[in-house]
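This note's numbering puts the first residue of the sequence shown at 2, with every later residue one more than the last.
Have a look at the structure below before the remarks.
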Amino acid sequence: MGSGAVGSEQEILSMGKQNYQRLVKICRDIEKDGYWSQAGSVMKQSAQQVLDLYIQSVLVELAVHLGEVSEVQREYLQKLTQTDPLALQGTHGAELFDAETIRYARRYTAMPPILIQVCGVYDRHGETQYAAVFMDTVINEMLCLMWLSNRKTAQGQAYVRDYFERTIMFIGNGVLDPAVEERYLFHKFNAETASSGIRWLSGEQHRKTAPDRAKEEKQEKKRLEEEQKAARKEFQKVKKRLQDREKAEKEEREKRIAALLEELNSLVGLEAVKEEIQSLVNLIKVREMREKLHLPSMDMSYHMVFTGNPGTGKTTVARLVAKIYRELGILSGGQLVETDRSRLVAGYVGQTAINVREIVEQALGGVLFIDEAYALISPDASNDYGSEAVDTLVKMMEDHRDDLVVIVAGYTEEMKYFLRSNTGLISRFNKFISFEDYSRQQLLDILNVMAGKTGMSVEDAAVKKLDLRLAAMDAQERKDFGNARGVRNIFEKMIVNQANRIVTLDSPTAQQLMTLTAEDV
């Protein structure tokens with residue numbers, strides 16, 4: 002490079018942008034006049050998308066030849082093009098040039114420059130020299146990258162020379178007089194601005210005769226057809242791999258959803274709940290089908306209200322819903338975060354909103370399950386901050402509507418009042434699922450399931466004894482009992498009673514250790 006001052010870093014960056022815009026204009030012209038249609042149908046990309054990949058690839062390969070890249074050169078590489086096909090933006094340090102990026106850039110620059118070839122076709126049907134201008138402008142972009150370095154650029158000049166010799170074959174007659182070639186490169190390396198050198202590439206001595214031009218056009222057409230054929234073949238291979246992978250992923254997803262629904266259906270009772278969840282899953286699947294076919298579909302709210310008495314399986318079902326939503330693509334994480342008034346509402350101004358935000362952030366990507374949600378509203382209490390919790394929750398539900406589902410649960414009548422307390426709530430919760438109390442037989446079945454999971458069995462006499470106790474309960478006692486929660490309490494007491502009984506035996510058998518008797522109830 003010459004000893005004259007090229008300009009400040011900002012001036013050089015501006016030169017690079019101006020040259021890039023010149024290339025963009027060429028791409029627009031060949032697209033507007035229909036010269037890109039055939040190449041575009043094969044490559045499935047616009048001319049500018051191919052341009053950005055070509056520019057980034059050439060500059061990455063040049064940067065590798067230059068060695069260490071300065072911060073301003075890094076900025077040039079990352080911000081020159083409109084799109085970022087090599088994912089250079091946002092990277093830093095050694096990450097900018099990982100082995101995969103360098104390998105891809107080298108492979109792409111080694112291929113025939115399709116844009117220059119299309120420009121050549123454009124030139125032959127008009128009075129333009131777009132192919133030469135395109136190559137000359139790409140060299141200007143490389144010079145700008147070199148000028149941003151304070152180190153000697155012998156390696157860079159060698160790469161530019163190699164690029165020129167590889168690319169000139171696609172310009173004009175593909176051959177330059179050696180003296181003209183040296184004058185062109187001397188001009189480029191010693192210029193003080195990224196100016197055009199097209200005059201060194203033009204002239205009658207470089208024009209082809211009509212027979213030569215016809216011969217080259219025939220060769221070029223054949224070469225382009227071969228490239229297009231190879232590109233279509235490679236595209237079909239990639240398309241099939243993607244389709245096979247998508248099919249396998251869909252099958253695996255369906256298996257996981259089926260397993261979750263099977264787990265739901267294995268729960269004791271809850272028949273109406275199971276039907277509601279299955280219908281919801283079916284609705285989401287059909288909505289997905291409609292979206293793939295670009296058919297109109299109504300907006301859906303995935304938030305739900307679970308109503309019913311304690312111990313009816315609301316938390317268990319909510320946990321399964323979170324996992325099902327994840328598999329259906331509604332949520333990214335699928336975790337369940339349980340909370341209630343005590344964790345949300347604070348005793349002084351400002352802290353409640355902070356508590357709600359912290360809990361919601363934990364639940365992002367999954368389901369926030371608020372048990373006894375009606376307790377957030379206390380109309381009879383003065384200076385209560387429950388309404389602040391509800392207001393903050395409603396706002397965050399809107400802010401994170403694409404990756405958060407809220408399920409509120411509680412007694413039926415109390416939940417109706419809770420939803421009417423805030424217009425933001427009633428408009429977001431339109432899916433209600435009622436959890437009925439378990440029958441006596443279902444409670445006994447739940448006891449047997451709990452015992453089975455721990456390797457225990459319950460004698461018939463023990464089951465009958467517990468059934469008599471359940472039958473003797475009045476309505477208030479049944480409500481206080483807590484459904485499955487009450488069965489768990491009884492089961493845990495039976496385990497303790499059995500332990501107290503077993504330790505009095507001299508040599509208890511395995512059967513005795515695994516059996517709960519009427520004495521343990």
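Don't be surprised by glycine CBs; every beta carbon is placed ideally from N, CA and C.
With a Cβ-Cβ cutoff of 9 Å, do residue i and residue j count as a contact?
i, j, result
"Val-161", "Met-147", "yes"
"Arg-59", "Thr-110", "Looking at the sequence provided, one finds Val at residue 59 rather than Arg. Their beta carbons are under 9 Å apart, which means Val-59 touches Thr-110 by this criterion."
"Gly-309", "Tyr-375", "no"
"Ala-472", "Arg-502", "no"
"Gly-121", "Ile-172", "yes"
"Val-322", "Ile-371", "no"
"Glu-437", "Ala-273", "yes"
"Thr-168", "Met-16", "no"
"Gly-387", "Thr-353", "yes"
"His-304", "Met-398", "yes"
"Ile-117", "Met-143", "no"
"Ile-491", "Val-464", "no"
"Glu-478", "Thr-516", "no"
"Ala-390", "Asn-356", "yes"
"Ile-285", "Ile-331", "yes"
"Ala-232", "Met-44", "yes"
"Gly-335", "Glu-328", "yes"
"Ala-476", "Gly-312", "no"
Once DSSP output is grouped into helix, strand and coil, what is the label at residue i?
i, result
"Ile-434", "strand"
"Thr-1", "Outside the displayed range of the chain (2 to 522) lies residue 1, so it cannot be described from this structure."
"Gly-411", "strand"
"Ile-503", "helix"
"Gly-35", "coil"
"Val-318", "helix"
"Ile-371", "strand"
"Met-16", "helix"
"Val-406", "strand"
"Thr-129", "coil"
"Val-70", "coil"
"Ser-458", "strand"
"Met-515", "coil"
"Gly-270", "coil"
"Asn-449", "helix"
"Ser-280", "helix"
"Leu-149", "coil"
"Tyr-21", "helix"
"Thr-194", "coil"
"Gly-483", "coil"
"Pro-509", "coil"
"Ser-497", "First, the amino acid is wrong: residue 497 is Val here, not Ser. Three-state result, Val-497: helix."
"Ile-378", "coil"
"Pro-179", "helix"
"Ile-117", "helix"
"Tyr-418", "helix"
Give the C-beta separation of residue i and residue j to the nearest angstrom, bearing in mind that I take them to be a contact with Cβ-Cβ under 8 Å.
i, j, result
"Leu-52", "Leu-24", "6 Å"
"Val-306", "Lys-432", "7 Å"
"Leu-345", "Leu-377", "7 Å"
"Val-65", "Ile-103", "6 Å"
"Gln-156", "Phe-190", "In fact, because the Cβ distance is near 13 Å, the residues do not count as touching under 8 Å."
"Leu-87", "Ala-106", "7 Å"
Return yes when the C-beta of residue i is under 8 Å from any heavy atom of the ligand NAD, and no when it is not.
i, result
"Met-143", "The ligand content of the structure shown is nil, which means the ligand NAD is not present either."
Are the C-beta of residue i and some C-beta of chain B separated by less than 9 Å?
i, result
"Tyr-386", "Protein chain content of the structure displayed is limited to a single chain, and chain B is not contained in it."
Just checking, does the segment 443–463 make contact with the segment 260–279 on the three C-beta pairs under 8 Å criterion? yes
Three CB pairs or more closer than 8 Å across the segment 35–43 and the segment 73–91: no
Please list the segments of the alpha helix (DSSP H) lying wholly inside the segment 23–67, counting only runs of 4 or more residues, in order along the chain. 38–44, 48–67
If we count Cβ pairs, one from each stretch, closer than 8 Å, do we get three or more for the segment 280–293 versus the segment 343–362? no
Counting Cβ pairs, one atom from each stretch, are 3 or more of them under 8 Å apart for the segment 314–329 and the segment 253–266? yes
Runs of beta strand (DSSP E) wholly within the segment 303–369 (minimum 3 residues, chain order): 305–309, 337–340
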